[in-house]
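Trainee: Protein chains in written order, with the numbering used here: chain A, 13 to 168; chain B, 13 to 168.
There are 2 protein chains.
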Amino acid sequence: MQRTEINLDETDLAILRLLQEDARMTNVALAAKLKMAPSAMLERVRKLEEKGVIRGYSAVVNPLAIDKDLLVFIFIKTKDSFADDKSARALAAIPQVMEVHHIAGDDCYLIKARLSGPTELMELKRSRFSKISNIISMRTTIVLETVKESSHISID
Amino acid sequence: MQRTEINLDETDLAILRLLQEDARMTNVALAAKLKMAPSAMLERVRKLEEKGVIRGYSAVVNPLAIDKDLLVFIFIKTKDSFADDKSARALAAIPQVMEVHHIAGDDCYLIKARLSGPTELMELKRSRFSKISNIISMRTTIVLETVKESSHISID
DNA sequence: ACAAAAAACAGAATATTATTCTGAATATGC
DNA sequence: GCATATTCAGAATAATATTCTGTTTTTTGT
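Written as structure tokens, this is what we have:
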């Protein structure tokens with residue numbers, strides 16, 4: 013199966029940069045910035061969406077405003093190397109879990125979760141993590157302060 | 013200094029949920045979903061922005077489409093416990109660095125970076141990290157596969 | 001290099017949406 | 001309970017999104 017060819021030019025990259033900065037920028041504003049007609053811009057943006065270059069658009073919410081004070085990273089060592097897809101999916105299904113990465117090293121996962129506080133963390137461990145069978149060990153790291161947190165990818 | 017009171021009702025939370033899902037949803041669609049007039053909705057969204065509950069809006073870009081294949085987490089141990097704000101800011105200033113967290117443990121930072129490949133990682137280490145004086149040790153963890161990666165905060 | 005095909009684009013027309021304003025309804029403070 | 005502030009809806013208008021058409025530019029095959 014041949015994936016649809018993705019070839020982005022400078023204009024596309026500029027669009028991505030601008031929409032990463034402000035996804036709610038109007039199409040005309042976007043077109044004006046790049047000196048194009050709105051109709052042409054719309055066509056490009058749609059293609060970027062169709063090709064899956066743009067996955068979606070998201071509001072960035074201040075976690076403190078909704079009482080999600082606690083950010084944690086959890087390292088999980090598992091028994092099986094590849095047969096643990098179920099575990100990974102089980103972790104990914106937890107709403108408070110924002111990221112699940114399979115990392116290099118002996119069958120490790122790194123997960124990032126945002127919670128209201130230590131109580132919710134303990135509840136989560138009891139109700140969800142305990143059900144995953146092939147976990148060998150788990151190390152929880154608590155974030156004291158976030159200096160930078162951006163979902164923007166640097167686009168050269 | 014007293015921070016402006018933030019009190020969000022169920023409607024606000026619903027708005028946040030919807031805008032996290034699709035930040036480019038039109039104001040009328042948003043209003044329709046929550047059975048409100050567009051003008052009232054606009055007023056609420058603006059207040060959420062003013063109060064800093066909504067930090068902004070961002071397009072979610074597929075990293076593979078722009079040749080950012082390598083995701084890494086780097087643990088950094090530093091000498092000083094608090095005097096290393098400069099280091100943290102130096103790290104945060106690197107475009108490829110998406111997150112910088114001060115984590116619990118002996119003066120540790122956890123940073124997340126997205127890069128084109130191992131070559132860029134080495135270049136970064138040589139050109140940027142080497143200039144930070146109070147680094148004691150550094151451990152780089154490479155992500156093999158990302159099962160879940162979302163910037164959405166679960167809103168109860 | 002050349003013609004054919006495809007893609008990208010601009011301009012105009014129309015549909016839809018954003019925004020503002022005003023007054024009513026609702027909640028809040030004292 | 002009254003005054004004040006907040007939230008909201010409806011209507012009018014400004015701005016934007018979207019579609020369509022034809023042109024220009026780029027790509028492709030030979």
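Note that beta-carbon positions come from the ideal geometry of N, C-alpha and C, so glycine has one too.
On a CA-only basis, which of A:Val155, A:Gly68, A:Met37, A:Ser145 is nearest Met53 of chain A? Give me that one, please.
Mentor: For the purposes of this step, residue 53 of chain A is identified with residue 41 of the first sequence, where counting begins at 1. That would be A:Met37, whose Cα lies nearest to the Cα of Met53 of chain A.
Trainee: Quick one: residues in its chain with C-beta nearer than 6 Å to the C-beta of Ile35 of chain A, no 5 flanking neighbours on either side, listed in chain order?
Mentor: By 1-based counting over the first sequence, the position of residue 35 of chain A is 23. Before going further, note that residue 35 of chain A is Ala rather than Ile in the sequence given. Same-chain partners within the cutoff: Tyr69.
Trainee: So, does the region 45 to 64 of chain A touch the region 144 to 157 of chain B, judging by three or more C-beta pairs under 8 Å?
Mentor: no
Trainee: Which residues does DSSP list as the beta-bridge partners of Gly117 of chain B?
Mentor: The count along the second sequence starts at 1 and reaches residue 117 of chain B at position 105. Its beta-bridge partners do not exist; DSSP assigns none.
Trainee: With a cut-off of 8 Å, does the C-beta of Val40 of chain B fall near any C-beta of chain A?
Mentor: Numbered from its first residue, the second sequence carries residue 40 of chain B at position 28. False, the Cβ-Cβ gap to chain A never drops below 8 Å.
Trainee: Buried or exposed, going by whether 16 or more other CB atoms sit within 10 Å of the CB of Met110 of chain A?
Mentor: The residue labelled residue 110 of chain A in the question sits at position 98 within the first sequence. Under this definition Met110 of chain A is a buried residue.
Trainee: Does Ser99 of chain B pass the burial test, meaning 16 or more other C-beta atoms within 10 Å, or should it be called exposed?
Mentor: Counting from one through the second sequence, the residue named residue 99 of chain B turns up at place 87. Classification for Ser99 of chain B: buried.
Trainee: Just to make sure I have the definition right: I need the residues of chain A whose C-beta is within less than 8 Å of the C-beta of Gly64 of chain B. Which are they?
Mentor: Here residue 64 of chain B corresponds to residue number 52 of the second sequence, with the count starting at 1. In chain order: Asn74, Ala77.
Trainee: Using 10 angstroms around the beta-carbon of Asp118 of chain A, count the other beta-carbons present and answer buried if the total reaches 16, otherwise exposed.
Mentor: By 1-based counting over the first sequence, the position of residue 118 of chain A is 106. Asp118 of chain A comes out exposed.
Trainee: Where Ile154 of chain B and Ala116 of chain A are concerned, what is the direct C-alpha to C-alpha distance, given to the nearest angstrom?
Mentor: As a first step, residue 154 of chain B is located in the second sequence; it is residue number 142 there, counting from the start. As a first step, residue 116 of chain A is located in the first sequence; it is residue number 104 there, counting from the start. Those two C-alpha atoms are separated by around 6 Å.
Trainee: Would Leu156 of chain B pass as an interface residue toward chain A - the criterion being a Cβ-Cβ separation below 8 Å?
Mentor: For the purposes of this step, residue 156 of chain B is identified with residue 144 of the second sequence, where counting begins at 1. Closer than 8 Å to some Cβ of chain A, the Cβ of Leu156 of chain B qualifies, so yes.
Trainee: So, is the C-beta of Ser145 of chain B closer than 8 Å to a C-beta in chain A?
Mentor: Walking along the second sequence from the start, residue 145 of chain B turns up at place 133. Output row for Ser145 of chain B: interface = no.
Trainee: What does DSSP give as the partner residue(s) for Asp85 of chain A in the beta ladder?
Mentor: Taking the first residue of the first sequence as 1, we reach residue 85 of chain A at position 73. According to the sequence as given, residue 85 of chain A is Phe; it is not Asp. Listed as beta-bridge partners of Phe85 of chain A by DSSP are A:Lys124, A:Thr153.
Trainee: In terms of residue numbering, what span does the beta strand (DSSP E) encompassing Ala71 of chain A cover?
Mentor: The residue you call residue 71 of chain A lines up with position 59 of the first sequence. From DSSP, the beta strand (DSSP E) with Ala71 of chain A extends over 66 to 73.
Trainee: Am I right that Leu20 of chain B and Ala71 of chain A are in contact with their C-beta atoms under 8 Å? What's the rounded C-beta distance?
Mentor: As a position in the second sequence, residue 20 of chain B is number 8, starting the count at 1. As a position in the first sequence, residue 71 of chain A is number 59, starting the count at 1. The Cβ separation is near 14 Å, so there is no contact.
Trainee: Leaving out five residues before and five after Ile106 of chain B in sequence, what residues of the same chain have Cβ atoms less than 6 Å from its Cβ?
Mentor: On the second sequence, position 94 is the one that residue 106 of chain B refers to. Only Arg140 meet the Cβ criterion.
Trainee: Below 8 Å on the Cβ atoms is my contact criterion, and I expect Thr152 of chain B with Ile86 of chain B to pass it. Report the Cβ-Cβ distance as a whole number of Å.
Mentor: By 1-based counting over the second sequence, the position of residue 152 of chain B is 140. By 1-based counting over the second sequence, the position of residue 86 of chain B is 74. Right, their Cβ atoms sit about 5 Å apart.
Trainee: Run through DSSP, which three-state label would Lys80 of chain A get?
Mentor: As a first step, residue 80 of chain A is located in the first sequence; it is residue number 68 there, counting from the start. Coil at Lys80 of chain A, not helix or strand.
Trainee: If I'm right that Ile18 of chain B touches Ala125 of chain A with Cβ under 8 Å, what's the distance once you round it to whole angstroms?
Mentor: Locating residue 18 of chain B in the second sequence gives position 6, where the first residue counts as 1. Locating residue 125 of chain A in the first sequence gives position 113, where the first residue counts as 1. About 23 Å; that fails the 8 Å criterion.
Trainee: Only counting the same chain, and skipping five residues up and downstream in sequence, which positions put a Cβ closer than 7 Å to that of Pro50 of chain B?
Mentor: Mapped onto the second sequence, residue 50 of chain B falls at position 38. So the qualifying residues of the chain are Asn39, Val40, Ala43.
Trainee: Buried or exposed: which applies to Leu156 of chain B, given that a residue is buried once 16 or more other Cβ atoms fall within 10 Å of its Cβ?
Mentor: If you number the second sequence from 1, residue 156 of chain B lands on position 144. Classification for Leu156 of chain B: exposed.
Trainee: In whole angstroms, what is the alpha-carbon distance linking Ser172 of chain A and Met134 of chain B?
Mentor: Nothing can be reported for residue 172 of chain A, as the shown portion of chain A is limited to 13 through 168.
Trainee: Using C-beta distances below 8 Å, list every residue in its chain close to Asp24 of chain A, excluding the 5 sequence neighbours before and after it, in chain order.
Mentor: If you number the first sequence from 1, residue 24 of chain A lands on position 12. Sequence-distant partners of Asp24 of chain A (beyond 5 residues in either direction) whose C-beta falls short of 8 Å from its own C-beta, in its chain, are Arg56, Leu60, Val65.
Trainee: So which residues on chain A does Leu20 of chain B lean against when the C-beta distance must stay under 8 Å?
Mentor: Along the second sequence, read from residue 1 onward, the residue named residue 20 of chain B stands at position 8. Near Leu20 of chain B (Cβ distances below 8 Å), the residues of chain A are Ala77, Ile78.
Trainee: Determine whether the beta carbon atoms of Val159 of chain B and Ala26 of chain A lie at a separation below 8 Å.
Mentor: Indexing the second sequence from 1 puts residue 159 of chain B at position 147. Indexing the first sequence from 1 puts residue 26 of chain A at position 14. Taking 8 Å as the Cβ cut-off, Val159 of chain B and Ala26 of chain A do not qualify as a contacting pair.
Trainee: Under the assumption that Leu30 of chain A contacts Lys45 of chain A (Cβ atoms under 8 Å), give the Cβ distance between them as a whole number of angstroms.
Mentor: Reading the first sequence from its first residue, position 18 is the one you call residue 30 of chain A. Reading the first sequence from its first residue, position 33 is the one you call residue 45 of chain A. With 8 Å as the limit, Leu30 of chain A and Lys45 of chain A qualify as a contact, their Cβ atoms being about 6 Å apart.
Trainee: Between A:Cys120, A:Gly129, A:Pro130, which has its C-alpha nearest Ile88 of chain A's C-alpha?
Mentor: Position 76 of the first sequence holds residue 88 of chain A. The alpha carbon of Ile88 of chain A has as its nearest neighbour, out of A:Cys120, A:Gly129, A:Pro130, the alpha carbon of A:Cys120.
Trainee: How is the alpha helix (DSSP H) around Met53 of chain B delimited, first residue to last?
Mentor: Within the second sequence, the letter at position 41 stands for residue 53 of chain B. Unbroken alpha helix (DSSP H) run through Met53 of chain B: 50 to 62.
Trainee: Can you give me the Cβ contacts of His164 of chain B inside the same chain, cut-off strictly under 6 Å, excluding the 5 residues immediately before and after it?
Mentor: Locating residue 164 of chain B in the second sequence gives position 152, counting from the first residue. Gln32, listed in sequence order.
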